[in-house]
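Numbering (my numbering), first residue to last: 116 to 317.
Below is the structure:
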């Protein structure tokens with residue numbers, strides 16, 4: 116079925132169906148988009164693929180099959196997170212262990228990027244933050260990193276570390292800031308999108 120969009124152009128109605136890749140059931144939604152996206156819901160581990168109308172089922176199946184190990188990994192992770200929340204969260208000792216491990220990794224990344232970016236970080240604090248993945252005190256050059264990044268892919272943590280270190284060069288999120296980000300960490304858009312909505316674009 117086709118219908119007119121706001122611009123007056125003909126648009127096709129979304130088509131939803133399921134495919135089975137090994138032991139994983141995947142919901143496919145064909146819609147008026149240019150690229151294919153894969154998303155796993157944190158709440159229940161449901162796998163969703165959004166694809167352009169004209170894309171073949173064979174290509175969609177292959178797209179999912181190539182990422183089946185990644186899918187299982189995050190389904191397992193989200194199931195564990197859900198079980199942990201139901202049990203009342205992690206113990207204080209486990210939280211401190213996670214902080215220690217994450218801080219070690221952040222310090223490693225800081226040491227890697229300081230000579231590349233020409234900046235110096237005065238200190239690192241790991242803590243849980245509700246609204247930010249990180250922050251930087253541009254006067255003291257001290258950075259704060261959200262403990263929740265311990266559960267994210269490594270490229271996300273590196274993005275946040277570089278992001279906060281870039282604030283030492285440019286305090287605001289001006290075009291100058293994003294030019295620095297593109298220079299130092301060209302993949303920043305994918306990392307930011309992942310952290311915003313757990314969606315990965317391939």
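Every residue, glycine too, gets a C-beta built ideally from N, C-alpha and C.
### Task
Give the straight-line distance between the Cα atoms of residue 192 and residue 273, rounded to the nearest whole angstrom.
Looking up residue 192 in the chain shown gives position 77. Looking up residue 273 in the chain shown gives position 158. Rounded to whole angstroms, residue 192 to residue 273 spans 20 angstroms at the Cα level.
### Message
Please return the same chain residues whose Cβ sits closer than 6 angstroms to the Cβ of residue 241, not counting the five positions on each side in sequence.
### Response
Within the chain shown, residue 241 is the residue found at index 126, counting from 1. Closer than 6 angstroms at Cβ, skipping near neighbours: 214, 217, 218, 260 and 262.
### Task
For the beta strand (DSSP E) holding residue 225, just list the boundary residues, first then last.
Walking along the chain shown from the start, residue 225 turns up at place 110. Premise fails: residue 225 lies in the alpha helix (DSSP H), 207-232, not in any beta strand (DSSP E).
### Message
To the nearest angstrom, how far is the alpha carbon of residue 243 from that of residue 197?
### Response
The count along the chain shown starts at 1 and reaches residue 243 at position 128. The count along the chain shown starts at 1 and reaches residue 197 at position 82. Cα-Cα distance, rounded: 18 angstroms.
### Message
Under 8 angstroms, with one C-beta from each stretch per pair, do the region 283-293 and the region 263-271 reach the 3-pair mark?
### Response
no
### Query
Thinking C-alpha only, which one of 154, 231, 147 and 245 is nearest residue 129?
Looking up residue 129 in the chain shown gives position 14. The residue with the shortest Cα to Cα distance from residue 129 is 147.
### Which listed residue (176, 156 and 280) has its alpha carbon closest to that of residue 224
Here the question's residue 224 lines up with position 109 in the chain shown. Answer by Cα proximity: 280.
### Query
Is residue 238 buried or exposed, if buried means 16 or more other CB atoms sit within 10 Å of its CB?
Taking the first residue of the chain shown as 1, we reach residue 238 at position 123. Classification of residue 238: exposed, given that the 10 Å Cβ count is below 16.
### Query
Just the Cα atoms here: how many angstroms apart are residue 135 and residue 152?
As a first step, residue 135 must be located in the chain shown, where it is residue number 20. As a first step, residue 152 must be located in the chain shown, where it is residue number 37. If I take the Cα positions, the gap works out to 17 angstroms.
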